[in-house]
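So the working numbering is basically just the index in the sequence shown, starting at one, shifted up by 151.
Each remark here refers to the structure printed beneath this line.
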Amino acid sequence: MLSETVDFSSFSTPQGTPAAEPPRVARINGVALNNETEALSSEELRQRACTELLRQAAMQAGLLDAADVAPGDGVISEAASQAIEALLEHELQMPEPSDEACQRHHAAHPARYRTGERVRVRHVLFAVTPGVDVVSLRNRAEACLLDVRCHDGGASEGFGKAARELSNCPSGEEGGELGWLHPSDCAPEFAKELFGHVEVGVLPRLVHSRFGLHVVEVLEREGGAAQPFEAVRGAVAMALRQQTYVTALRQYLQLLAGQAEVVGVELDSADTPLVQ
């Protein structure tokens, strides 16, 4: 799914730009993205908008039958999904990363290509659920972070009490303990904050993931072993391809948004083609 490839939360109004109260029903070129009874987060609405931009572009390219029914619940048809994949394969022309670029990336990010690295952590989860007041949730999470940091860097009793009373994760019953984790055990955005660092103790920032906001304490670290470039060449090349794909897709979506009538959802847009 596209939501697993690109974080559309950055495809939005720049910070500092005041946003007007959106209509109850958002539309792309007149096609409704939601109904008046749905309570969608801004991220969910942007996801639907981006998918609809691509669905309509696939129609215009002759890859999807014009009779394809617009999704009422954000779930596109199988035909639309296949047409979008074909569209992106044609439109997003990306060069293969050079060996030199791969070596530079590996040298700049050695921690990403270590094997055996693991951390023992505990957390307090403030889950983001439909209809939740995100501002209030963040305030509660920040207050919790400040409180546990004041307890001698998250002393066991204070952190465990916060997890049992506040966490929306089943681990709260165990004081927030998640045990030993490897990168593959975590959502990518969560792993990014835990691995490849040297911090031990309560992290001085909230950790954001698809599940919500986390107050995290790293209890122990085991660094693992560094891998030479030749051993991880394929993984490095894949990482660079993914970076290029994400950039190209965002630029293509900006171009489509600039050519579309967008109502009720804030999207970045561009009037002219962008250099990839």
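Yeah, the Cβ is synthetic: ideal placement off N, Cα and C, and Gly gets one too.
How would you label residue i, buried or exposed, when you count the other beta carbons within 10 angstroms and need 16 or more for buried?
i: S322; result: buried
i: S360; result: buried
i: C301; result: exposed
i: R175; result: exposed
i: P334; result: buried
i: A259; result: exposed
i: N290; result: exposed
i: Q198; result: buried
i: V413; result: buried
i: T188; result: exposed
i: H257; result: buried
i: P173; result: Note on P173: pLDDT 47, under 50, position unreliable in the model; no value is reported.
i: A376; result: exposed
i: A212; result: exposed
i: A217; result: exposed
i: N180; result: exposed
i: A338; result: exposed
i: A408; result: buried
i: A411; result: buried
i: A292; result: buried
i: A208; result: buried
From the options, pick the residue whose C-alpha is nearest to that of residue i; which is it?
i: G327; options: A314, A338, N319, C337; result: A314
i: D298; options: P355, V351, A237; result: P355
i: E344; options: E368, G330, E324, E325; result: E368
i: G374; options: P339, I235, F346, V358; result: F346
i: D250; options: A388, L332, G352; result: A388
i: L204; options: I235, Q394, G330; result: I235
i: E229; options: R206, N186, C253; result: R206
i: E350; options: A386, V358, E371, L357; result: E371
i: A200; options: L215, A221, G213, Q211; result: A221
i: E324; options: T202, A208, F310; result: F310
i: S193; options: E293, L406, P281, H348; result: P281
i: A262; options: V272, Q394, A411, A342; result: A342
i: Q233; options: C253, M210, Q254, A252; result: M210
i: A231; options: A252, Q410, H241, T202; result: T202
i: G352; options: A252, Q402, R271; result: R271
i: Q393; options: C253, A177, A408, H348; result: C253
i: G223; options: A386, Q405, L196, A390; result: L196
i: A390; options: R255, N186, L214; result: R255
i: R273; options: Q378, A386, L332, D219; result: L332
Could you tell me the boundaries of the beta strand (DSSP E) in which residue i lies?
i: L370; result: 363–373
i: R273; result: 269–278
i: H359; result: 358–360
i: E189; result: Where E189 is concerned, there is no enclosing beta strand (DSSP E), given that its DSSP letter is neither H nor E.
i: E247; result: Where E247 is concerned, there is no enclosing beta strand (DSSP E), given that its DSSP letter is neither H nor E.
i: G441; result: For the chain, the structure presents residues 152 to 427; residue 441 sits outside this window and is missing.
In the DSSP assignment, the alpha helix (DSSP H) including residue i goes from what residue to what residue?
i: F380; result: 380–410
i: L239; result: 229–242
i: E293; result: 285–301
i: E344; result: 339–345
i: E350; result: First-last for E350: undefined, no H or E at that position.
So, under 8 Å CB-CB, residue i and residue j are touching, yes? Tell me the CB distance rounded to an integer number of Å.
i: H365; j: V226; result: About 29 Å separates the two Cβ atoms, so there is no contact after all.
i: L357; j: L317; result: Rounded, the Cβ-Cβ distance is 13 Å, inconsistent with contact.
i: A278; j: G330; result: Actually they do not touch by this definition, with Cβ atoms about 20 Å apart.
i: A177; j: L184; result: 4 Å
i: L238; j: L214; result: 6 Å
Distance cutoff 8 Å, beta carbons only. Does residue i sit that close to anything in chain C?
i: R178; result: No chain C is present in this structure, which holds just one protein chain.
Under 8 Å: do the segment 255–271 and the segment 366–383 share three or more Cβ pairs, one atom per stretch?
Contact between the segment 255–271 and the segment 366–383 is present, because at least three Cβ pairs lie under 8 Å.
With a threshold of 8 Å, are at least 3 pairs of Cβ atoms found where one atom belongs to the segment 404–418 and the other to the segment 278–290?
no
Taking 8 Å as the cut-off, does the segment 383–401 touch the segment 230–249 (at least 3 CB pairs, one atom from each stretch)?
Contact holds: three or more Cβ-Cβ distances are below 8 Å.
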